[in-house]
Amino acid sequence: MRLVGLLSSYKLRLERKKRRVRALRKSRELNGVVNRTADLRADDILLFCTLRNERVRLPFFMEYYRNLGVGHFLFVDNGSDDGSREYLAEQSDASVWGTTASYKSAHFGMDWLNWLLSKYGHDRWTLVVDVDEFFVYPFCDTRPLAALTDWLDSSKVRSFAAMLVDIYPKKSVNETEYHEGQNPMEVAEYFDAGNYMISRNKKYGNLWIQGGPRARAFFPNAPERAPALNKIPLVKWSRRNIYVSSTHTLLPRGLNMTFSETGGEMASGCLMHAKFLNSFEAKAEEESKRKQHFADSFEYKAYKKGMRQNPSLWCKWSEKYINWRQLEILGLMSKGNWI
Amino acid sequence: MAVGFIILAHEHLDRVAQVAGYWAQRRSPVVIHVDARADDEDYRELQDGLARFDNIRFVERRACEWGRFSIVSATLDAATLLLSNSDDISHVFLASGSCLPLRPLEEMNAYLDKHAGTDFIESVTTQEVTWTVGGLDLERFTLRFPFSWKRRRRIFDGYVKLQRRLGISRAIPEGVRPHLGSQWWCLTRETLEAILTDPDREVYDSYFSTVWIPDEAYFQTLVRKHSTMIESRSLTLSRFDFQGKPHVFYEDHLQLLQRSDCFVARKIWPRANLLYREFLGGDLKKLARIEPNPRKLDKIFAKAIDKRLNGRDGLQMQSRFPKAHLWNLPRTCASYSVFEGFSDLFSNFETWLEKRTGTRVHGHLFNKRTVKFAGNATIYNGCLANSAKLRDYNPEKFLASLIWNTQGEHQSFQFGPADRQDISGFASGDPNASFFVITGAWAVPLFHSKLNFQRVRRVAARYQSIEARHVNWLRQHEVRAHVNIWSLAEFVETPMPILQTILDGVDPTASRKLTEVPKMADLTGFGQFVQKLKNEGMNPHSVGDFPLGRQSDQPVSPAKPYAVR
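Quick look at the structure:
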C-alpha cells in the first residue's frame, strides 16, 4: 500500500514537472503586447485570464475586479479581432500577451497561464478567471479581496475553492441583450440552487462537481459529459504549482484539499458564470466549428442543439440571485469559521 | 487617576502610531515595544511621528517569538519604564499593536476608579483551561520548552515526548500555583510593582523562561501571589478561533463592536479604515457606566467554530465532503420517510398520506424510467430534474439534495423492488430516514395483473430476491435509520395500529387520530395465489404466513374489515 502511494506521488511529481516544462515551451507562442509588471507592488493580488473576442464584456469585468482590489491584470489574448487586445493594452493596470496559436493544443490556454503564473505569480495571491466569471466570496460586499487573502494566510490556507454557478436570464438566452458596461449578474440573474452532483477524483484528490442548468438542459441523457463546475481560482502561487486542467485541478495535490472530510465546512466561494447572454448562441456556433474546446467542443455542440430546442434555462424553481449570503444559506458556498 | 498603556507591536506600525497617539493625547502615558524584527524604517517613522508626545516612550527592542519568554521580558521592561516615569497612574493596561479602543478614555478611567485596587486579568488553574494549543496544560509548567514551536515543531514535539517517556517533571517554584489566562490584562500599580520588585523574581524569571507560552502564564500566575483583588476576566475583547489564532475584526463589525460595550478589542484588520476612523475619531458616544458585554460577540464566535468543526448536517458541497465511513454523521439535513409496499396494497395511499399528514408525498422517486415527484412534476425544488439518468449518476446526492432543497417540509416517497436500489446502503445508514416496509406487498399487483402466470412467477422471484437484498441493508448491524418491517400477512392482520404508527412516525409532533383509512386492494383469493406460486416451486416467504382459506373466514375486503376505531 505504502509503495503504491509513493509510486503515485512520484508519478504526479513527474506530471507536474512535465507540465512545467511544457508551459515553458508553450510560452514561446506568446508575444508581449504591453508589459507593465515592473509596477507590481509586493502585496498586489494578480488576476490571470485568457480570452478571445470579449470586447463587450471587458469594461464591466475590469471594473468588477478592480472594486474587489485586484492589483494587476495579466491577459493572454488568443487572436481577438474585435478590439479586445487594443482595449486591454490601454488599461494602466494590465499587461497583455498575444498569441494566435491553438488554444486546444495549449491545454485550453492553461499552458500559457501556467507560465505567466510561475513567472509573475510566485509568492503572491493569484486569481485565475474567465471573462464571464465573477468571483463571489464570504463578505465580498463589505471586505476587499485582501481581507480574504490575509485571513487565508493567517489560517495557513494556500488555495480557495469557488465552484461555478451558471446564471441565466428568465427570457430565452438569445433574446437577452447585454450592453457594454452592464452587470451581467443583473441581466442573467437566475441560477439553480440545489441540483449538483459531487464526487471525489482519486488521482488528484479534488472534488468533481457537475450539475446545474447545463446538466439538466443539455446533458440529461449523458450526465457524465456535463461540464465540471469545481474550481480553485484563488491560490497563493508558488513556482512549484501547476494547474492541470483549467482551474479545476492543481498540483501538488495538497492544493486541491479545499474541503473538510470530517464534517466541518471550510470557507469557499462561487464563480458566478454569466455564459448565457445573447452573445452565447453565436459563440456556441463558432466554437463548435473551431473545435478548440474540451472533448472536441462536445459541450458547445450540445449547447447548440439544446439552444435550438429550448432556448430558456429558466424554470419555476430557478432562484433569483441576491448576494453571497443567499449562496451561503443555500449551501453552495460557506464562510467556514471566518466571522 | 489615569490608566497607562503598554503596547506590544510587531507590524502595521502606522496603526500603532494612531492608537498610541489617541491615548497620549488624552493624557495617558504610553510605552511602546516594537519587535526587533520589524522594519527599521517603519520604526523610525513611528518614533518621528510620535515625537511630539512627551508621554510616549519606547523600550529597547527585543526579538519576540510567539510562545517564548522574550514577550514577557519585553512586557516587564515596558512596565518598569512606564511605572518609573508616571507617578499618577493607578492601572496599567497591556495592549497589542492591533488593539483598538472602543469607548472613550474617560469612561475607562471612570470604570477603573470605581474598581480601584482591582486587577483585571484572566487567571484560571490549569484544570479549568479548555483552550490550550497542542493539548498541553499542566505540562506547560512541568516540562521544559527550550525549542521554538513555530520554527522547530519536530524537535519541540520530540523533546516533549522524550521528557514524558523519561518521566521528567520539574519542580514548580515554591509558593506558586500555575494559572493561565489571556495575555491581555489591566493590573493595578501596586500589584505590578510587587511583581517587578519581588525578591524572588530572578527565580521566577528563570523558571518561566522554559515554560511554554509564558505570556499566558507569568502574570496570570504571579498575580495570585500579590494581588488583593482579582477580577478574572480580560478588559480586552479578544477571542481565539479553533486554530488558536485570534479572530479579526473588519469594517462590517462596526455595530457589533459598538454594542459590545468593551473598552478595547483585538485584532483589528489593519486596513479596516472605517473602524479606526470611527473609534479614534474623538466623538465616541458616551455609554454611561455600562459593564462590558462581550456575550453578543461570543455567540458569533461559537457559531463560527461550530460551522468549521461540525458544519451543516446533510450538506455535501465544495468545502464539506465528509468521508463515507463517518457513520455517526447524518447524511441528510432533515427526517424523511420511505414507504415500501403501501402503494401496492392501497390504491390511494399517496393521496391519503398527504392529506392525513399535510406533508409532501412522492411516488417512486427511484423508478427506473423517470423520477416520480409528487404531482408528477418534471422539475422540483432546487431545479432537480426528473431525468432518471441524472438521478442515477449520483443517487445519494440526489436524495440528499431533495431533502436539503425542501427544508421545512417532511418528504415521503415510495420504494420497491422495481426501483433502482442504489440508495439502500446510503439511506439505511442515515439517522434521518424512517423506513416503513411491507415485505411481499409487490405480490398484490402481480396477483391482480393479467400477465400469464409463468411471467408472474418469474417477476415474483426477481422482486423477492431484490427485496431481500434491500431488507438485508435494513437489518444489518450498523443500520441507523428507523426501520419498521412487516410481512404482508402481518400487516393485513392488524392494519389499524400500524397505520396509526405511521401517522405518528411521519410527524411525531402532531398527534393525528386515524379517522380515515386508505382503500385496501381486494385480497380475495390471494391465499390461493400464494399457494400457486409455491406449487410452481417458488417460496414467497416475504409475503409471510398467508393462510390458504383466510379470505373465506375473514374476508379482507376493502369495505369493512378494518374499521375506524
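Sequences listed follow chains A and B, in order. Residues in the first sequence are numbered from 11 upward in steps of one, following this note's numbering. Residues in the second sequence are numbered from 461 upward in steps of one, following this note's numbering. Even for Gly, the Cβ is constructed at its ideal location relative to N, Cα and C.
{"Item": "So residue 712(B) contacts chain A; which residues on that side make the cut at Cβ distance below 9 Å?", "Value": "149, 151, 152 and 153"}
{"Item": "Does any residue of chain B bring its CB to less than 8 Å from the CB of residue 121(A)?", "Value": "no"}
{"Item": "Would you mind stating whether residue 890(B) and residue 852(B) have Cβ atoms separated by less than 8 Å?", "Value": "no"}
{"Item": "Could you give the first and the last residue of the continuous alpha helix (DSSP H) run that contains residue 815(B)?", "Value": "809-817"}
{"Item": "By alpha-carbon positions, which one of 617(B), 809(B) and 580(B) ends up nearest to residue 800(B)?", "Value": "809(B)"}
{"Item": "What residues in the stretch 753-784 of chain B have a beta carbon less than 7 Å from any beta carbon of chain A?", "Value": "760, 761, 764, 765, 767, 768, 769, 770, 771, 772, 775, 776, 777, 778, 779, 780, 781, 782 and 783"}
{"Item": "Is residue 330(A) helix, strand or coil when you go by DSSP?", "Value": "strand"}
{"Item": "Taking a Cβ distance cut-off of 7 Å, strictly less, list which residues of the stretch 856-877 of chain B are near chain A, in chain order.", "Value": "857, 861, 864 and 865"}
{"Item": "Could you tell me the boundaries of the beta strand (DSSP E) in which residue 70(A) lies?", "Value": "First-last for residue 70(A): 68-78, but that is the alpha helix (DSSP H), not the beta strand (DSSP E)."}
{"Item": "Given that a residue counts as buried once 16 or more other Cβ atoms are within 10 Å of its Cβ, and exposed if not, what is residue 499(B)?", "Value": "exposed"}
{"Item": "Just to make sure I have the definition right: I need the residues of chain B whose C-beta is within less than 7 Å of the C-beta of residue 53(A). Which are they?", "Value": "What residue 53(A) touches in chain B: nothing, since even the nearest Cβ is about 10 Å away."}
{"Item": "Taking only beta carbons into account, state which residues of the stretch 170-202 of chain A come closer than 7 Å to chain B, listed in chain order.", "Value": "171, 173 and 202"}
{"Item": "With a threshold of 16 other CB atoms inside 10 Å of the CB of residue 475(B), please say whether the residue is buried or exposed.", "Value": "buried"}
{"Item": "Cβ of residue 714(B) within 8 Å of Cβ of residue 734(B)?", "Value": "yes"}
{"Item": "Below 8 Å between beta carbons: does that hold for residue 125(A) and residue 56(A)?", "Value": "no"}
{"Item": "The beta strand (DSSP E) spanning residue 281(A) covers which residue range?", "Value": "279-283"}
{"Item": "Does the beta carbon of residue 854(B) come closer than 8 Å to any beta carbon on chain A?", "Value": "yes"}
{"Item": "To which residues does DSSP link residue 61(A) through a beta bridge?", "Value": "87(A)"}
{"Item": "Could one say the Cβ of residue 226(A) lies closer than 8 Å to chain B's Cβ atoms, at least one of them?", "Value": "yes"}
{"Item": "What does a CB cutoff of less than 6 Å around residue 1029(B) pick up in its chain, not counting 5 residues either side in sequence?", "Value": "This structure leaves residue 1029(B) out entirely; chain B is present only between 461 and 1025."}
{"Item": "Going along chain A, which residues have a C-beta under 8 Å from residue 702(B)?", "Value": "347"}
{"Item": "Short check: CB of residue 694(B) to CB of residue 584(B), under 8 Å?", "Value": "no"}
{"Item": "Do the stretch 465-485 of chain B and the stretch 204-213 of chain A meet, that is, are 3 or more Cβ pairs less than 8 Å apart?", "Value": "no"}
{"Item": "Mapping the DSSP letters down to three states, classify residue 933(B) as helix, strand or coil.", "Value": "helix"}
{"Item": "For residue 122(A), which of helix, strand or coil comes out of DSSP?", "Value": "helix"}
{"Item": "Strictly under 8 Å for the Cβ-Cβ distance: is residue 490(B) near chain A by that measure?", "Value": "no"}
{"Item": "Distance cutoff 8 Å, beta carbons only. Does residue 820(B) sit that close to anything in chain A?", "Value": "no"}
{"Item": "Answer with buried or exposed for residue 285(A), where buried requires no fewer than 16 other C-beta atoms within 10 angstroms of its C-beta.", "Value": "buried"}
{"Item": "Work out the CA separation of residue 631(B) and residue 469(B) for me, nearest whole Å.", "Value": "33 Å"}
{"Item": "Taking buried to mean at least 16 other C-beta atoms within 10 Å of its own C-beta, is residue 77(A) buried or exposed?", "Value": "exposed"}
{"Item": "Which whole runs of the beta strand (DSSP E) in the stretch 783-871 of chain B are 3 residues long or more, in chain order?", "Value": "796-800 and 820-824"}
{"Item": "Does the count of Cβ pairs from the stretch 856-871 of chain B and the stretch 906-926 of chain B closer than 8 Å reach three?", "Value": "no"}
{"Item": "Could you name each continuous beta strand (DSSP E) segment of 3 residues or more that falls completely within the stretch 146-206 of chain A, going from the start of the chain to the end?", "Value": "172-178"}
{"Item": "Whose C-alpha, out of 243(A), 225(A) and 283(A), is nearest the C-alpha of residue 854(B)?", "Value": "225(A)"}
{"Item": "Return no unless some Cβ of chain A is closer than 8 Å to the Cβ of residue 845(B).", "Value": "yes"}
{"Item": "Contact between the stretch 336-347 of chain A and the stretch 770-783 of chain B is defined here as three or more beta-carbon pairs at a separation below 8 Å; is this criterion met?", "Value": "yes"}
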